[in-house]
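Enquirer: Numbering (the numbering used here), first residue to last: 1233 to 1780. Here a beta-carbon is modelled for each residue, glycine too, at the ideal position from N, C-alpha and C. My questions will all concern the structure given below.
Given below as structure tokens:
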């Protein structure tokens, strides 16, 4: 379940443009350094990140000129971050830098990383500007009190789109006279009616409801019951924000009720018959085809499908998030703002020059580089007038094109991982927000014409207006708690059991659901989950006490 929080990280990275390196301050030294750049090897262990060598882009080349540093990337292959980490640690074959992502604790526990505390105090000019004492306190590893990375998960929330929700395409919303769908029963009725009215699309059967179940991404199916009960994405754990009491969601009562609904829809032919065998790309392809009516997901995971539908000009088939809940639940927590403690970039003990490596990381947080990676190249990607940064119509069009951003090197998951301020903060020269996505101009221009028509129909200014106000979590993100190996093994056992039995329960024949569910509950009793719950609860209560 710890991978369920991955959602959040990529989600933020996706929307926004990002941050970059440069470590020598004197212009002459920068020029001299750029002729013979220092090369650091870096392992990129984030299995969500698109493996793009940003150093080969126009912006990446400028970053190298400014910093005198070139990164040589090794990207993880596949999604098994734990196995790769184990191999690296067993062999001792470590690069200079590492983005350990979900398995950062393995590298810390193995003593493979350099503590950054003294470097921050001595060389962290930019870092200390963006991270205050409270932030540093949150980033200390509980066991030894050291800081091993600067998290990129800052206190921000996209002002235009909900992070997650249950989705319906525009044509369905229009046919239903623009409803704000707030309860799951109404949602599934709309889905059923849409399939009945439009049984096929482009010669293929309409899919009533599908789900992403590929590898760890199945968390979006497993967290649907707790989302409907108004809980945030805390990695599948139910956390009391006041007391810090933690409960698991594996056997929560509403899970049985919700998955029974999916089981009934399965037997009625309304669920995607391939949802438990399709991979991530196939899932996206179905949404991109325009024949899927409903699904639950986080925006970052389906953004490429939305982009595809826009390219095809299938605007009425583009899905919109709805704030769906269980009947009786008043407030959703689909949107959260808090500083996370998820991993950023660390320096390994095999680094050939840790001081220079840290100076590089600090230089990455310099305002000139932040402008470069978040806004682009001045004169090409933005202009400055009367001291204010802005984009003209062509530059906005380029920025809104993901292919252009990728080719130019603006934003993306790679830059996102470097130390940075929240994207909605302002540069010290008052020229604009850290990211163009949060500028006043962006708030006016990011919505496309078809989106503006939907907003007008709903009489709202932002799609987030359909949801409850963004919730400020007092304990951070529950998903980024790092478990010891023995407890992680217990949680993995519960995750595997849940995956097998929820799949069986949803696909059960009429009359078999209860038998399968009871078997699931009995098997879950044999897993010592209390050890995991106690550990998580202790950490949440520590955070509530120390962070507030």
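By how many angstroms is the C-alpha of residue 1271 removed from the C-alpha of residue 1297?
Expert: 13 Å
Enquirer: Could you give the distance in angstroms between the alpha-carbon of residue 1380 and the alpha-carbon of residue 1348?
Expert: When the Cα atoms are used, residue 1380 and residue 1348 turn out to be separated by approximately 6 Å.
Enquirer: Would you mind listing the beta strand (DSSP E) stretches within the segment 1432-1460 that are 3+ residues and don't spill past its ends, in chain order?
Expert: Runs found: 1439-1441.
Enquirer: So is residue 1544 buried or exposed if we call it buried at 16+ other beta carbons inside 10 Å?
Expert: exposed
Enquirer: DSSP has residue 1302 in a bridge; who is on the other side?
Expert: 1271
Enquirer: Hey, is residue 1629 close to the ligand FAD, as in C-beta under 8 Å from one of its heavy atoms?
Expert: Absence of the ligand FAD is noted for the structure shown, with no ligands found whatsoever.
Enquirer: Residue 1709 and residue 1501: beta carbons closer than 9 Å?
Expert: Contact: no.
Enquirer: Quick one: residues in its chain with C-beta nearer than 7 Å to the C-beta of residue 1342, no 5 flanking neighbours on either side, listed in chain order?
Expert: 1321
Enquirer: Would you kindly report the start and end of the unbroken beta strand (DSSP E) that includes residue 1529?
Expert: Unbroken beta strand (DSSP E) run through residue 1529: 1524-1530.
Enquirer: Mark residue 1625 as exposed unless 16 or more other C-beta atoms lie within 10 angstroms of its C-beta, in which case mark it buried.
Expert: exposed
Enquirer: Using the rule of at least 16 other Cβ atoms within 10 Å of the residue's Cβ for burial, across every protein chain shown, is residue 1829 buried or exposed?
Expert: Past the boundaries of the shown model lies residue 1829; the chain is included only from 1233 to 1780, so the question cannot be answered.
Enquirer: Quick one: is residue 1410 buried, meaning 16 or more other Cβ sit within 10 Å of its Cβ, or exposed?
Expert: exposed
Enquirer: One question on the structure: do residue 1445 and residue 1527 come within less than 9 Å of each other, judged by their Cβ atoms?
Expert: Not in contact: residue 1445 and residue 1527 (Cβ atoms no closer than 9 Å).
Enquirer: Provide the residue span of the beta strand (DSSP E) that contains residue 1823, from first to last.
Expert: It is not possible to answer for residue 1823, since the shown part of the chain is limited to 1233 through 1780.
Enquirer: Could you name the residues of the same chain whose beta carbon sits closer than 6 Å to that of residue 1659, not counting the 5 residues immediately before and after it, in chain order?
Expert: 1599
Enquirer: Determine, using beta carbons only, whether residue 1568 and residue 1464 come nearer to each other than 9 Å.
Expert: yes
Enquirer: List the endpoints of the continuous beta strand (DSSP E) containing residue 1347.
Expert: Neither: residue 1347 is in no beta strand (DSSP E) and is coded neither H nor E.
Enquirer: Suppose you measure from the CA of residue 1610 to the CA of residue 1596; what does that come to, to the nearest Å?
Expert: Roughly 18 Å separates the two Cα atoms.
Enquirer: Suppose you measure from the CA of residue 1739 to the CA of residue 1749; what does that come to, to the nearest Å?
Expert: 12 Å
Enquirer: Cβ atoms of residue 1551 and residue 1700: under 9 Å apart, would you say?
Expert: no
Enquirer: What would DSSP say about residue 1265, mapped onto helix, strand or coil?
Expert: Residue placement at residue 1265 cannot be trusted, given a pLDDT of 45 that sits under 50; the coordinates are not used to answer.
Enquirer: Are the segment 1524-1538 and the segment 1411-1428 in contact at 8 Å, needing three or more beta carbon pairs?
Expert: yes
Enquirer: Judging by CA-CA distance, which residue of 1415, 1458 and 1724 is the nearest neighbour of residue 1399?
Expert: The shortest C-alpha separation from residue 1399 is found at 1415.
Enquirer: Give the DSSP-derived three-state secondary structure of residue 1420 in the structure shown.
Expert: helix
Enquirer: Tell me the DSSP secondary structure of residue 1756 in three-state form.
Expert: helix
Enquirer: DSSP puts residue 1790 in a beta bridge; with which residues?
Expert: The first residue shown for the chain is 1233 and the last is 1780, placing residue 1790 beyond what the model contains.
Enquirer: On a Cα-Cα basis, can you pick out the residue from 1485, 1633, 1775 and 1269 that is closest to residue 1542?
Expert: For residue 1542, the nearest C-alpha among the options comes from 1633.
Enquirer: Could you name each continuous alpha helix (DSSP H) segment of 4 residues or more that falls completely within the segment 1692-1746, going from the start of the chain to the end?
Expert: Runs found: 1717-1738.
Enquirer: Is it the case that the Cβ atoms of residue 1471 and residue 1707 are separated by a distance below 9 Å?
Expert: yes
Enquirer: Roughly how many angstroms lie between the CA atoms of residue 1428 and residue 1511, to the nearest whole one?
Expert: A straight line joining the alpha-carbon of residue 1428 with that of residue 1511 spans about 27 Å.
Enquirer: Apart from the five residues on each side of it in sequence, which residues of its chain come closer than 6 Å, Cβ to Cβ, to residue 1582?
Expert: Once the five neighbours on either side are set aside, the close Cβ partners of residue 1582 are 1326.
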